[in-house]
Ligand code: PNS
């Protein structure tokens, strides 16, 4: 049986911090599903198909090997429903701060209670510890240089936008 993990998130847009987590998950699992979720509480910066395309290009550029990587989107219900549909028993998430941990802890418990899906938390590489999609959105919208925080494909795309 392949060991399958899901790396979920808004990825609006994907950052170097996300890519690091995907890369590290790919070293541990046979198959990694990067799942873009639509969060109705958050104002979207990029449409979901564009976020997926940028993840795909970023993964190609990074030449991630190890696992089979699939990119999908999920907005029709619980994330654990997606996990059950594809046979994934593990979620992998990055934790940058105690605020992230506070936000993620109840979700991790609920996901385990709902469907027995475990969450593995990864600490970021120190150089990515301050990087977030919201920071990238803000710097990009105000005309600053986002290239230190995002894969090259994302920087190129946002600069042309
Ligand atoms: O990148 P984000 O926005 O911090 O990701 C949050 C995400 C997508 C992981 C979270 O919103 C989520 O799990 N959404 C799916 C809906 C769901 O299953 N909710 C119940 C879990 S407690």
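Numbering (the UniProt record's numbering), first residue to last: 1 to 161.
Built from N, CA and C at the ideal position, the CB exists for glycine as well.
8 angstroms Cβ cutoff met for residue i and residue j
i, j, result
"residue 139", "residue 54", "no"
"residue 117", "residue 7", "no"
"residue 124", "residue 96", "yes"
"residue 32", "residue 51", "no"
"residue 67", "residue 26", "yes"
"residue 24", "residue 107", "no"
"residue 64", "residue 22", "yes"
"residue 60", "residue 152", "no"
"residue 128", "residue 20", "yes"
Endpoints, beta strand (DSSP E) assigned at residue i
i, result
"residue 34", "31–37"
"residue 8", "4–9"
"residue 70", "68–74"
"residue 45", "Careful: residue 45 lies outside any beta strand (DSSP E) and carries neither H nor E."
"residue 1", "Note, residue 1: premise wrong, no beta strand (DSSP E); not H, not E."
Residue i beta carbon near the ligand PNS (any heavy atom closer than 7 angstroms)
i, result
"residue 8", "yes"
"residue 46", "no"
"residue 142", "no"
"residue 156", "no"
"residue 107", "yes"
"residue 111", "yes"
"residue 39", "yes"
"residue 80", "yes"
Element boundaries [alpha helix (DSSP H), containing residue i]
i, result
"residue 17", "16–28"
"residue 141", "133–141"
"residue 101", "98–115"
"residue 50", "48–62"
"residue 157", "152–160"
"residue 79", "79–86"
Spatial distance of residue i from residue j (CA atoms)
i, j, result
"residue 29", "residue 5", "6 angstroms"
"residue 38", "residue 145", "26 angstroms"
"residue 84", "residue 130", "33 angstroms"
"residue 42", "residue 9", "12 angstroms"
"residue 137", "residue 15", "11 angstroms"
"residue 157", "residue 71", "19 angstroms"
"residue 80", "residue 102", "20 angstroms"
"residue 143", "residue 115", "43 angstroms"
"residue 1", "residue 159", "43 angstroms"
"residue 73", "residue 48", "8 angstroms"
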